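**Student:** In this note's numbering, the protein residues as written are 43 to 335.
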């Protein structure tokens, strides 16, 4: 077994760091510049002192490893992250892929540019990956945090998407201009209720922005605010898609059905949680029932 890997694991384990083995391998890969093959062959790192110093810093601070690295992996790209932005999660890839599917459906009928709105963009990972994978789109990304928008802008520049994604400071829809409408609207809004927030892992609760996590009304605050106004901004036949917490998808479906949308998708994550809800803008329907599909 790699000697440095063992030392890093011990440093993290002794400090009570969760998933010490996983994080030790990430440190060797990202800081020690070691490939999976290098680790399988039990090669030693060339910059052992730097690797151990990083491990000790992680152990001392308890900060997310992505904050110390300065970036997080998301859909094959490295996104700059800061304490002002949420660290992208694997589950959010489901939201991006759902949006891309809807964009593809719309593109079969609409020949010109497809307009996408990302509400609460944070690091910009959703907006950027939509723009990168759907070249026929123009994405407007909104956030109330100036610091988050600065990080999102840096990510767009880094990925050479600055002409594809426009950022605007906005409290939900507040900065939209008269007549601006969209074919696809996506949002990963704050959805953690107070009780669940207090029980979050310390790494999340102490280091990620509370404003991007916590929502009133049992976590439903922002779904209600967005859905109540969304019909004015989603083109007829267009789509809206949300990421949800465990147990929220059904209520989100009901809200959508009561406000001019017809639910088209409820997508489960790898844990079986209904994680993403998508709906199409249609005539008002009396049907308010929604079940996982």
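Idealized CB from N, CA, C, for every residue including glycine. Keep in mind the model is a prediction, meaning the values are calculated, not measured.
Note down the Cα distance separating residue 278 from residue 70, rounded to an integer number of angstroms.
**Tutor:** Indexing the chain shown from 1 puts residue 278 at position 236. Indexing the chain shown from 1 puts residue 70 at position 28. About 50 Å.
**Student:** If you draw a straight line from the C-alpha of residue 176 to the C-alpha of residue 147, how long is it?
**Tutor:** On the chain shown, position 134 is the one that residue 176 refers to. On the chain shown, position 105 is the one that residue 147 refers to. Near 12 Å, if we compare the C-alpha coordinates of residue 147 and residue 176.
**Student:** Under a Cβ-count criterion, where at least 16 other Cβ atoms within 10 Å of its own Cβ denotes burial, should residue 64 be classed as buried or exposed?
**Tutor:** Numbered from 1 along the chain shown, position 22 holds the residue referred to as residue 64. With fewer than 16 other Cβ atoms within 10 Å, it is exposed.
**Student:** Would residue 165 pass as a contact of residue 189 if the rule is Cβ separation under 8 Å?
**Tutor:** Translated into positions along the chain shown, residue 165 becomes position 123. Translated into positions along the chain shown, residue 189 becomes position 147. Their beta carbons are not under 8 Å apart, which means residue 165 does not touch residue 189 by this criterion.
**Student:** Can you tell me whether residue 82 is buried or exposed? The criterion is at least 16 other CB atoms within 10 Å of its CB, across all chains shown.
**Tutor:** Counted from its first residue, the chain shown places residue 82 at position 40. Answer is exposed; the Cβ neighbour count stays below 16.
**Student:** Please check if any C-beta of chain C sits within less than 8 Å of the C-beta of residue 216.
**Tutor:** Of the protein chains in this structure there is only one, and it is not chain C.
**Student:** Going by the beta-carbon positions, is the gap between residue 144 and residue 283 smaller than 8 Å?
**Tutor:** Locating residue 144 in the chain shown gives position 102, where the first residue counts as 1. Locating residue 283 in the chain shown gives position 241, where the first residue counts as 1. Yes, they are a contact pair.
**Student:** Identify the continuous beta strand (DSSP E) that holds residue 306 and give its terminal residues.
**Tutor:** Along the chain shown, read from residue 1 onward, the residue named residue 306 stands at position 264. That run of the beta strand (DSSP E) goes 303-310.
**Student:** Just list the residues that DSSP pairs residue 157 with in beta bridges.
**Tutor:** On the chain shown, residue 157 is found 115 positions in, with the first residue counted as 1. Beta-bridge pairing links residue 157 to 180.
**Student:** Does the Cβ of residue 312 have 16 or more other Cβ atoms within 10 Å, making it buried, or fewer, making it exposed?
**Tutor:** For the purposes of this step, residue 312 is identified with residue 270 of the chain shown, where counting begins at 1. Looking at its Cβ environment, which holds fewer than 16 other Cβ atoms inside 10 Å, residue 312 is exposed.
**Student:** Determine the contact status of residue 101 and residue 129, defining contact as a CB-CB distance below 8 Å.
**Tutor:** To locate residue 101, count along the chain shown from 1; it is residue 59. To locate residue 129, count along the chain shown from 1; it is residue 87. Not closer than 8 Å, so no.
**Student:** For residue 323, which beta-bridge partners are listed by DSSP?
**Tutor:** Position 281 of the chain shown, counting from 1, holds the residue named residue 323. Paired residues: 303.
**Student:** For the stretch 229-238 against the stretch 247-255, are there 3 or more C-beta pairs whose distance is under 8 Å?
**Tutor:** Segments in contact, yes.
**Student:** Distance, Cα to Cα, residue 265 vs residue 191?
**Tutor:** Within the chain shown, numbered from 1, the residue matching residue 265 stands at position 223. Within the chain shown, numbered from 1, the residue matching residue 191 stands at position 149. If I take the Cα positions, the gap works out to 21 Å.
**Student:** In chain order, what residues of the same chain lie with their CB nearer than 7 Å to the CB of residue 140, ignoring the 5 residues before and after it?
**Tutor:** The count along the chain shown starts at 1 and reaches residue 140 at position 98. If we look at residue 140 and ignore the five residues flanking it on each side, its Cβ neighbours are 283, 307, 309, 318, 320.
**Student:** To the nearest angstrom, how far is it from the Cα of residue 315 to the Cα of residue 131?
**Tutor:** The residue labelled residue 315 in the question sits at position 273 within the chain shown. The residue labelled residue 131 in the question sits at position 89 within the chain shown. Answer to the nearest angstrom: the Cα atoms are 14 Å apart.
**Student:** At which residues does the alpha helix (DSSP H) containing residue 139 begin and terminate?
**Tutor:** The residue labelled residue 139 in the question sits at position 97 within the chain shown. Residues 134-149.
**Student:** Taking the alpha-carbon positions, what's the residue 293 to residue 92 distance?
**Tutor:** Reading the chain shown from its first residue, position 251 is the one you call residue 293. Reading the chain shown from its first residue, position 50 is the one you call residue 92. Taking the straight line joining both Cα atoms gives about 49 Å.
**Student:** Give the DSSP-derived three-state secondary structure of residue 287 in the structure shown.
**Tutor:** Counted from its first residue, the chain shown places residue 287 at position 245. Note: residue 287 maps to coil in three-state DSSP.
**Student:** Report all residues from its chain with a CB closer than 7 Å to the CB of residue 331; omit the five preceding and five following residues, and keep chain order.
**Tutor:** What you label residue 331 is simply residue 289 of the chain shown in a count that begins at 1. Low confidence applies here, because residue 331 scores a pLDDT of 40, under 50, leaving its location unreliable; read the following figure in that light. None.
**Student:** Could you tell me which residues DSSP pairs with residue 273 in its beta bridges?
**Tutor:** Here residue 273 refers to the residue found at position 231 when the chain shown is read from its first residue. DSSP output for residue 273 lists no bridge partner at all.
**Student:** Can you pull the DSSP bridge partners for residue 185?
**Tutor:** On the chain shown, residue 185 is found 143 positions in, with the first residue counted as 1. According to DSSP, which records beta bridges pairwise, residue 185 is partnered with 211.
**Student:** On the CB-based measure, 16 or more other CB atoms within 10 Å of its CB, does residue 46 come out buried or exposed?
**Tutor:** Residue numbering aside, residue 46 sits at position 4 when the chain shown is read from its first letter. The residue in question, residue 46, is buried, as its Cβ has 16 or more Cβ neighbours within 10 Å.
**Student:** Can you grab the Cα-Cα spacing for the pair residue 156 / residue 94, in whole Å?
**Tutor:** Residue mapping note: residue 156 aligns to position 114 of the chain shown, counting from 1. Residue mapping note: residue 94 aligns to position 52 of the chain shown, counting from 1. Going by the C-alpha atoms only, they are around 48 Å apart.
**Student:** So the beta strand (DSSP E) residue 229 belongs to, where does it begin and stop?
**Tutor:** If you number the chain shown from 1, residue 229 lands on position 187. Residue 229 -> beta strand (DSSP E) spans 224-229.
**Student:** For residue 92, name the three-state secondary structure that DSSP assigns.
**Tutor:** The residue given as residue 92 occupies position 50 in the chain shown. Correct three-state label for residue 92: helix.
**Student:** Under the rule that 16 or more other beta-carbon atoms within 10 Å means buried, what is residue 338, buried or exposed?
**Tutor:** This structure does not reach residue 338, given that the chain is present from 43 up to 335, and the question cannot be answered.
**Student:** Using a Cβ-Cβ cutoff of less than 6 Å, which residues in the same chain neighbour residue 225 once the five nearest sequence positions on both sides are dropped?
**Tutor:** Within the chain shown, residue 225 is the residue found at index 183, counting from 1. 148, 156, 157, 277, 280, listed in sequence order.
**Student:** Going by DSSP, which residues form a beta bridge with residue 256?
**Tutor:** In the chain shown, counting from the first residue as 1, residue 256 sits at position 214. Residue 256 is bridged to 234.
**Student:** Got a sec? Which residues, its chain only, sit under 6 Å from residue 50 by beta carbon, not counting five neighbours each side?
**Tutor:** Numbered from its first residue, the chain shown carries residue 50 at position 8. 66, 69, 97, listed in sequence order.
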